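These notes concern the structure reproduced below.
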Amino acid sequence: MAERLEGATGGETLGKYLNVFEQLRRQRKVKKHMERQVKQSLPKSAFSDGYHRGGFEPKMTKQEAALILGVSPTANKGKIRVAHQRIMLLHHPGKGRSFYRAAKINKANDVLEGQAKKMK
């Protein structure tokens, strides 16, 4: 049972609770809108709607890594970093997403960043 606010009548207490619920509802609405914008700004990758239906190779190649991150195999380090961050926003295990997907995304990032370092 909710504690009674000091000096508040029943109507005032109810009004304050309704105000808090209204704020939470607005925050959820803003969060959904932001997630929708992030999804629209993402490049096509292996984990988006148009994913590659071939499975994964035993050892990740740079073509496969580029497909997962949605960048060119010869992309520079900045583009790789931005693509990795955007995809991890949607597939992070802390948000209840798959650890396997997060591991593949991180591996793809490592493969392409290693390739970018070699090209320097």
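Numbering (the working numbering), first residue to last: 377 to 496. Beta carbons: idealized from backbone N, C-alpha and C, even for Gly. A quick note: this is a predicted structure, and the numbers were derived from the prediction, not measured.
- A direct Cα-Cα distance of roughly 6 Å separates residue 445 from residue 459.
- In this structure, residue 447 lies away from residue 435, with their beta-carbon atoms at least 7 Å apart.
- Here the alpha carbons of residue 404 and residue 396 stand approximately 13 Å from one another.
- Leaving aside the five residues that flank residue 439 on each side, the residues in its chain whose CB is nearer than 6 Å to its CB run, in chain order, 449.
- Taking C-beta atoms as the reference points, residue 478 and residue 469 count as a pair closer than 7 Å.
- Separation of the CB atoms of residue 466 and residue 406 is rounded to 17 Å, and the pair is thereby denied contact status at 8 Å.
- The Cβ-Cβ distance between residue 451 and residue 487 does not fall below 7 Å.
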